[in-house]
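As structure tokens, the structure follows; a few thoughts come after it.
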Amino acid sequence: MNRGYGTGNGYDGRYGGGYGSYRGGSTYKNGGYKGKKSFLQRMLRRNRAFLFWFPVMLVYEEFVYRIFGGGVGAGLAGFFFTLCFSLAVGCFLTFLSTLFLNKINVYIVIALTAIISLVFEVQLIYTAQFTQMFRWATIGHAGEVTDFWRETLQRIGMNIVPVVLLLVPLVFYCVWGRSLAPALGTPLRVKLELLILALMFHLTALAGIVTSKNADDLYHGVFQPEQVSGYFGLVTETRLDLKYLMFGAPVDDGPDVVGPTGNPFGPNTSGNEPSGDLPSDSTPADTSGDGTGTGVDTEQSEPPKPVVYGDNVLDIDWASLIANEKDGDIKAAHEYFSAVTPTKQNEYTGLFKGKNLIQLTLEGFSSIVVEKEPELYPTLYKMMHEGFYMPTYYNSLWGGSTATGEYVSMTGEFYNNADCLKMSADNYWPFALGNVFNGLDYTVYAFHNHTYTYYGRDKSHPNFGYENYIAIGSGLGEKGDDWDTWPRSDLELGKRSIDYYIDHTPFHAYYMTVSGHANYSFSGNTMAKRHQSEVADLNYSDNVKAYFACQIEVEEMLEYLVQRLDEAGILDDTVFVFNADHFPYALSESELAELYGLPEDNIRNNLELYRNGAAIWCSSMEKPVEITKPCSAMDIIPTVLNLFGVNYDSRLFMGVDLNSTADSLVILNCATTYWSWITPYGSYDTGTKKFTPAPGITVSDSDLSNYVSQMNSVVSTKRKYSFRILDEDYFKYVFPSGFSGY
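According to my numbering, the sequence shown holds residues 692 to 1433 in order.
Here is the structure:
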């Protein structure tokens, strides 16, 4: 006996007739057929067409997103994994959308469609704007990001085609969704079939993953959002990101590798040793033993003995720490750091001892502007070419834009999401420069000409030792005040800040600038507009000119600070340190190619795009020191600590003192490739898996293979313990009673 369903389950016969009872070979009343029907036949009935909605929609969204640059291409493998995962999630969402009455189901479908569309739209625009994917761990910063609404509107306009295409499914369902109403009265068998299909597609993808080492590393290894999205689709990337947010992310579990010492390829011809002479106010080490300071035995008249420099280490009882530590992760960290080869002191140790220090993290700065148009930036040019200059300094995109760039500049460690500053607020940081110079009885301030709380700086910076942290909303002005422009003026920042410390020597002042921030146009950047006339005759496109223009503002800030310090008679006693947080990623590919002179194709994964320049300058230096080792922000803090003669332990940093004889290591996360690296002997691109030897370096295939393998392990190990320093508040275990012996 067949009984038609009435309206009890929300179905009134408008979509092809009521259902008969569903018992294996039952006949559907008013359905137009009798007997058993195949799964496909059942699905293709008009009132069942909805069952294809989410699978088709997700595949559509994924490939629109991919076509318009939202994912890393992974060839046929990427197509296969994305298709399988999309169909799996689509079947599961369809199952969820058939559990209730019609009216409820319709709202569920609309809500899920809207959420999916929003996720794709947000990632498309966010990636286009910040050259990296949005991470759910940073959802707390969503309100702060609205400060950049101008750039967001510009990016939407530049990507209007994919923006509209990604909205098509939502609009379509809202207009025609009633005729695609959820499969009302869907029998239990169909629901089970949907779940089985979801499981089958998911397991098929997992089976493919375990047969591919590259895919397996991406899916189960350290989370790399852009590559995960390219291989497995944005829905899978979002699922994994949320999973790791709630339950913790996977960590490196391979064997710890401290790293090679010396050149594995033979004599070092890479020219990585520092060059230059000591400034006139420095004193060579007294090695004579007679107190004359000449370095020569005056009675014996023998040639001076070579200076033997000690290690930059502290008296840390590693054996005791290891023996008494019960936490396995912390114990492993103790074992690792105790085995790291320390850097040695050198002829520049203590060169700037007792001097004032001004450190600047320059927003979106690239030294290419100074190299190409030096007449526009005379102060920056002077600092770069008359101080300790690092022309092979590289900026990594760690995964958090300015936040991670600033974090590594202030701590000497690295992390990979924008919450790192906020996370650092409860940790112990004995060698953050604010804490160091507080321990040396300096006057210590930090300044920023943007919102006080942005990225959690109101919590991180005081913890780094900058209890006097002054920014917009905290002593430097308010929103809507007389200098509230976008971006705010760096020159004005210098004018409003210097009187806090100039009369209170010795001092240490830290600056995070903002005038170099995107967007780079004369209509959307007040600082670019301010200096438009100065770049009018440059032979570049308008947006590149705008980038040159807004960087003039930090030039004028530095010029002003130098002038004031000179007038106060303390310029020779003040050291400037500056480096950038990241490259100008908001420029388009063609504009970046124009600015850097690099090929436009895949430019955001070209390691040379991330080459910048950093400098340490004091006017008392008579001759410049060019450091040609490849370096990054990891190396800034240990280099500064050595120059100021601070007692510190070089083993606890991911970078090295660049004036030491130690080999340096640059770790680079690019737009969509992660954990590439550069040493004095060459560079390795994880995207192409190609090692490029440095000039003058030759290497056999066997030596190269061993070196690349070892360096990949070194990078992996550094990543593990650099993350652990923040995640586990590691330094409190090394110095349980604190440290004050600077």
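We put the beta carbon where it would ideally sit given N, CA and C, even for glycine.
Query, Result
"Backbone CA spacing between PRO652 and ALA906 [nearest angstrom]", "Because the chain in this structure spans residues 692 to 1433, residue 652 falls outside the shown range and cannot be described."
"Whole alpha helix (DSSP H) elements within the region 1279–1332, 4-residue minimum", "1280–1287"
"Same chain only: Cβ atoms within 6 angstroms of ASP981, ignoring 5 sequence neighbours per side", "Interpretation of ASP981 is limited by its pLDDT of 37, a score under 50 that renders its predicted location unreliable; no figure is taken from the coordinates."
"Endpoints, the beta strand (DSSP E) within which SER1374 is located", "1373–1376"
"Pair within 9 angstroms by beta-carbon distance, LEU1332 and THR1204", "no"
"Whole-Å CB distance - CYS1322 paired with SER1351, under 8 angstroms assumed", "Their Cβ separation, rounded to whole angstroms, is 12 angstroms, which puts CYS1322 and SER1351 out of contact at 8 angstroms."
"PHE1269 - partner residues in DSSP beta bridges", "LEU1051, ALA1306"
"Distance between LEU858 and VAL800 (C-alpha atoms, nearest Å)", "15 angstroms"
"Start-end ranges of the alpha helix (DSSP H) lying completely within the region 856–924, minimum 4 residues", "879–901, 904–911, 916–923"
"Span of the alpha helix (DSSP H), counted from its first residue to its last, around ASN1118", "No alpha helix (DSSP H) contains ASN1118, which DSSP labels as neither H nor E."
"Where GLY1166 falls: helix, strand or coil (DSSP)", "strand"
"LEU1229 versus GLU1282: straight-line alpha-carbon distance, rounded", "14 angstroms"
"Where LYS647 sits in the DSSP three-state scheme", "Summary: the structure shown does not reach residue 647, with the chain confined to residues 692 through 1433, and so no result is reported for it."
"Check whether ARG1179 and HIS1141 have beta carbons under 9 angstroms apart", "yes"
"Local Cβ density within 10 Å of MET824, reported as buried at 16 or more and exposed below that", "buried"
"Endpoints, beta strand (DSSP E) assigned at LYS1381", "1381–1384"
"Distance, ILE806 Cα to LEU815 Cα", "14 angstroms"
"Given 8 angstroms, three or more beta-carbon pairs between the region 785–802 and the region 922–939", "no"
"Separation of GLU1225 from LEU909, as counted between CA atoms", "48 angstroms"
"The region 1407–1418 / the region 941–949 touching (three or more Cβ pairs under 8 angstroms)", "yes"
"Which residues DSSP lists as bridging LEU1359, in chain order", "SER1367"
"ILE1388 (DSSP reduced to helix, strand or coil)", "coil"
"Residue closest to ALA802, alpha-carbon to alpha-carbon, out of ALA819, PRO860, MET849, SER1431", "PRO860"
"The region 1363–1375 in contact with the region 1391–1404 per 3-pair CB rule at 8 angstroms", "yes"
"Under the three-state DSSP convention, the category ILE670 falls into", "The first residue shown for the chain is 692 and the last is 1433, placing residue 670 beyond what the model contains."
"Unbroken stretches of the beta strand (DSSP E), 3 residues or longer, contained in the region 1395–1430", "none"
"Reference PRO1082, options ILE1318, ILE1243, ASP1018, MET1345, closest by Cα", "ILE1318"
"Unbroken beta strand (DSSP E) run spanning THR1134, endpoints", "1134–1142"
"Nearest to LEU1278 (by Cα), restricted to the options TYR1238, THR1377, ALA1324, ILE1243", "TYR1238"
"CA-to-CA distance, GLN820 to GLU884, given in whole angstroms", "42 angstroms"
"CYS782 burial status per 10 Å Cβ neighbour count (16 or more: buried)", "buried"
"SER1188 burial status per 10 Å Cβ neighbour count (16 or more: buried)", "buried"
"Proximity test, Cβ basis, 9 angstroms: TYR1192 and chain D", "Absence of chain D from the displayed structure is noted, only one protein chain being present."
"Validate contact between the region 1106–1117 and the region 1158–1166 using beta carbons, cut 8 angstroms, 3 pairs", "no"
"Counted within 10 angstroms of its Cβ, other Cβ atoms place HIS1195 as buried (16 or more) or exposed", "exposed"
"Helix, strand or coil at PRO1082 according to DSSP, with G and I counted as helix", "strand"
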